[in-house]
Amino acid sequence: MRKVLYILGQLTDQDAEWLARNGRRREVPAGETLIRQGQPVSAMFILLDGHMEVQVNGIGRVARLGSGEIVGEMSFVDKAPPAASVLSLEHCVVLELDKAAIERRIAEDMGFGMRFYRAIACFLSDRLRATVTRLGYGTAQDDDADQGLAADELDESVLDTVSLAGDRFNRMLKMLGVGS
């Protein structure tokens, strides 16, 4: 669930409620492809329940995702099509956040836009650091010493908001009728 903490930790309670109210709760049957590599995506998804898998053509599975993971977020940063496919391993529930709706919200509320893009930047920064470590650039010990972080430890700026983010995610799940 750690990834949703990056997003919800940077947003306000009102922002998180807006996402839940304006997103679409979507049931994803087992085996369905939610995002297809190379094909544009017009939404970002928060996995609320179930497990999904990230696959890259020519490589295969690169990640297994659970509740609280986020996919499709890179479409908010650039126009490039997805570099991976995401498919459900079992029946899943996601919150589908339409890119156009979020862009309208950003145009109406610049504060929301600042918080939203900061959250995306923190999220992608964490993903890049984890990928670099997995690929073996430098040594994990050197990287951890440079960053002041132990393996799989959250950044201090995120730690300050973890409790609030967790509460926001739990309220979102309740609002969307997941896990009740």
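In UniProt numbering, the protein residues as written are 1 to 180. Glycine included, every Cβ here is placed at the ideal spot set by N, Cα and C. Given the structure is predicted, the values throughout are model-derived calculations rather than measurements.
Scanning the UniProt domain "Cyclic nucleotide-binding" (7 to 106) from its first residue to its last, the whole alpha helix (DSSP H) runs of 4-plus residues come out as 13 to 22. Scanning its chain for C-beta atoms nearer than 6 Å, with the 5 sequence neighbours on each side dropped, one finds no residue around F116. If you check the CB distance, S85 and T131 do not come in under 7 Å. The shortest CA-to-CA distance from I35 to any of E53, K79 and R171 is the one to E53. Straight-line measurement puts the Cα of G38 at about 31 Å from the Cα of V178.
Here DSSP, grouped into helix, strand and coil, assigns L135 to coil. The beta-carbon separation of M114 and S75, rounded to 19 Å, does not stay under the 8 Å limit for a contact. Annotation for L173: the continuous alpha helix (DSSP H) segment containing it runs V162 to M175. Leaving aside the five residues that flank G31 on each side, none in its chain has a CB nearer than 6 Å to its CB.
Cα atoms of V77 and G9: separation of roughly 19 Å, rounded to the nearest angstrom. DSSP places V4 within a helical segment (H, G or I) once states are collapsed to three. From the listed residues E103, E108 and G50, the smallest Cα separation to G23 is found for E103.
Between I70 and I46 the beta-carbon gap is near 5 Å, inside 8 Å, which marks them as a contact. Nearest to E27 by alpha-carbon distance, out of D109, N170 and V94, is V94. A distance below 7 Å between beta-carbons, with the five flanking residues on each side excluded, links E90 to the following residues of its chain, in chain order: A30, G50 and H51. If you draw a straight line from the Cα of E17 to the Cα of M172, it comes to about 7 Å. It is roughly 15 Å from the alpha-carbon of G166 to the alpha-carbon of G66. Here I120 is buried. Its C-beta has 16 or more other C-beta atoms within 10 Å. Within the same chain, and ignoring the five residues on either side of S42 in sequence, the residues whose Cβ sits closer than 8 Å to its Cβ are S75, D98, K99 and A100.
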